[in-house]
Amino acid sequence: MALRNLVLEGDPLLRKKSRPVEEITPRIIKLLDDMADTMNYENRGVGIAAPQVGVLRRVFIVDVGDEHGLVEFINPEILETAGSQIDNEGCLSVPGKTCPVERASYVKVRALDRNGNEFIVEGEGLFARCVLHEYDHLEGILFIDKSADGKIYSTESEG
Ligand code: NI
Numbered sequence: 038m039a040l041r042n043l044v045l046e047g048d049p050l051l052r053k054k055s056r057p058v059e060e061i062t063p064r065i066i067k068l069l070d071d072m073a074d075t076m077n078y079e080n081r082g083v084g085i086a087a088p089q090v091g092v093l094r095r096v097f098i099v100d101v102g103d104e105h106g107l108v109e110f111i112n113p114e115i116l117e118t119a120g121s122q123i124d125n126e127g128c129l130s131v132p133g134k135t136c137p138v139e140r141a142s143y144v145k146v147r148a149l150d151r152n153g154n155e156f157i158v159e160g161e162g163l164f165a166r167c168v169l170h171e172y173d174h175l176e177g178i179l180f181i182d183k184s185a186d187g188k189i190y191s192t193e194s195e196g
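Counted the way my numbering counts, the sequence shown spans residues 38 to 196.
Written out as C-alpha cells, the structure reads:
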C-alpha cells in the first residue's frame, strides 16, 4: 500500500487541464493502485482524480459503494448525460467545505481499463454525480465553482 500526498485547493495544479494517457505503463498501474489506497485511507472518499495526487493525466477512480464497485477510468469520454439532480458535494482536495451542485442524474462514459481495453459504463444517482465530479478535475474544475446557490459552506457548521 502506498499513499500519495493530496493536492489541496489553492494549488494551481488543480486548475490545469490533464493530458491523455498515451500508454498504460507500470507507472500508470501504480498510480491507479496508489489512488485507491489514498482514497480508501481518507475514508470519506468516493472518488479521486490523478491531478489530486499531482499527476496531470486523464485518470480517475470512483467507488460509491454501489453495484459498480471500484471503477478505474483512463482517458474517459462522457458519451451521454440526462436528467438533473442537486445535492451537496465535497472533495478530498477541498477539506471542510461543501455546497450544493447540480449534476446530470444519468451518465454514460467510455474509457480504457488498466489492461487497455475499452469499456462503456453507465449509472445514475451518486455514481453519475461522482463520475462528473471526477471528470471535472481533469478539466481543472472544482465543485466549488458550481455551487447551485452561489455559496460555499463549512462542513463543521452542518446540522
Ligand atoms: Ni474532488
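Even for Gly, the Cβ is constructed at its ideal location relative to N, Cα and C.
- When secondary structure is reduced to three states using DSSP, L50 falls in the helix class.
- A direct Cα-Cα distance of roughly 7 Å separates R41 from D71.
- Under DSSP, T118 shares a beta bridge with V144.
- Rounded to whole angstroms, the separation of the alpha carbons of N152 and I61 is 8 Å.
- At a Cβ-Cβ threshold of 9 Å, I85 and L45 do not count as neighbours.
- Beta-bridge annotation (DSSP): E109 is paired with I98.
- Between Y190 and T135 a beta carbon distance of about 5 Å is seen, short of the 8 Å cut, so the two are scored as contacting.
- By the beta-carbon neighbour count (other beta carbons within 10 angstroms, threshold 16), A87 is buried.
- Using a cutoff of 8 Å, the CB of C128 counts as near the ligand NI, since one of the ligand's heavy atoms is closer than that.
- Ranked by Cα distance from D103, the first of G177, A39, F180 and A165 is A165.
- For K188, the three-state secondary structure derived from DSSP is coil.
- For R56, the closest C-alpha among the options L68, C167, G162 and L93 is that of L93.
- The Cβ atoms of V158 and V108 sit closer than 9 Å to each other.
- Here E126 is bridged, per DSSP, to C136.
- Taking C-beta atoms under 8 Å as the contact rule, T118 and A148 fail to qualify, at a distance of about 15 Å.
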